[in-house]
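In terms of the numbering used here, the sequence shown opens at residue 107 and continues consecutively. Note that CB positions come from ideal geometry on N, CA and C, so glycine has one too. These numbers come from a predicted model, not from an experiment.
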Amino acid sequence: MSHFIHESSWKAVGGSDIPPGRLTIFLANGTDDTLNFETNEVQAGDARFPANIEASSSAIANVWSTTMPGATSGAATWALANGARLQLRWDLPQYGKDRVELSLEGSDSYACAWQVGTNETNRISGIAVALNKLGG
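Right, dumping it as structure tokens:
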């Protein structure tokens, strides 16, 4: 299992182009394996968003992205056909540090890279995750 905690942020994804109060999640699946969004919805606080999913497929990557208003906390889970699970959790409190947690479970065949983008007030506004297969 890979487990990463991120408590600070830097300009990387989205930046100040994302309106305040919105979180954009971008996932690139750089494998040949099928990647499914498990519930087709994202929980954000007490609200559920049916995902405004924009998905595309190519020989290089399957891309999933969504923008959610008011996504102060929540989780998104993707499942691979072989049983591996990639889970992203976030907590963006009104006061205090933003926190993002990423876990990859159920397989030693994959690796994740990720970046966090901030808005003009240095709060997290975008998260990009790239999933890649190990060993050719």
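* Per DSSP, the bridge partner or partners of residue 239 -> To locate residue 239, count along the sequence shown from 1; it is residue 133. As DSSP reads the structure, residue 239 sits in a beta bridge with 216.
* Asked: Assuming residue 210 and residue 179 make a contact with CB atoms under 8 Å, what is their CB distance in whole Å?
  -> Counted from its first residue, the sequence shown places residue 210 at position 104. Counted from its first residue, the sequence shown places residue 179 at position 73. Rounded, the Cβ-Cβ distance is 21 Å, inconsistent with contact.
* **Beta-bridge pairing of residue 229 - partner residues as DSSP gives them** => Here residue 229 refers to the residue found at position 123 of the sequence shown. Its beta-bridge partners do not exist; DSSP assigns none.
* If you count every other CB in all the chains shown that lies within 10 Å of the CB of residue 196, and 16 or more means buried, which is it? -> Your numbering for residue 196 matches position 90 in the sequence shown. Burial state of residue 196 is buried, judged by a 10 Å Cβ sphere holding 16 or more other Cβ atoms.
* Asked: If you draw a straight line from the C-alpha of residue 152 to the C-alpha of residue 190, how long is it?
  -> Taking the first residue of the sequence shown as position 1, residue 152 is located at position 46. Taking the first residue of the sequence shown as position 1, residue 190 is located at position 84. Confidence in residue 152 is poor, its pLDDT being 48 and thus under 50, which makes the residue's placement too unreliable to answer from.
* Assign residue 129 to buried or exposed, taking buried as 16 or more other Cβ atoms, counted over all protein chains shown, within 10 Å of its Cβ. => The residue you call residue 129 lines up with position 23 of the sequence shown. Under this definition residue 129 is a buried residue.
* Asked: residue 193 bridges to which residues according to DSSP?
  -> For the purposes of this step, residue 193 is identified with residue 87 of the sequence shown, where counting begins at 1. Answer is 183, 209, bridged to residue 193.
* **For residue 221, the three-state DSSP class (helix, strand or coil)** => In the sequence shown, counting from the first residue as 1, residue 221 sits at position 115. Three-state result, residue 221: strand.
* Three-state secondary structure (DSSP) at residue 141? -> The sequence position of residue 141 within the sequence shown is 35, counting from 1. The answer is strand: DSSP assigns residue 141 an E or B state.
* Could you tell me the boundaries of the beta strand (DSSP E) in which residue 130 lies? => Here the question's residue 130 lines up with position 24 in the sequence shown. Per DSSP, residue 130 belongs to the beta strand (DSSP E) from 128 to 136.
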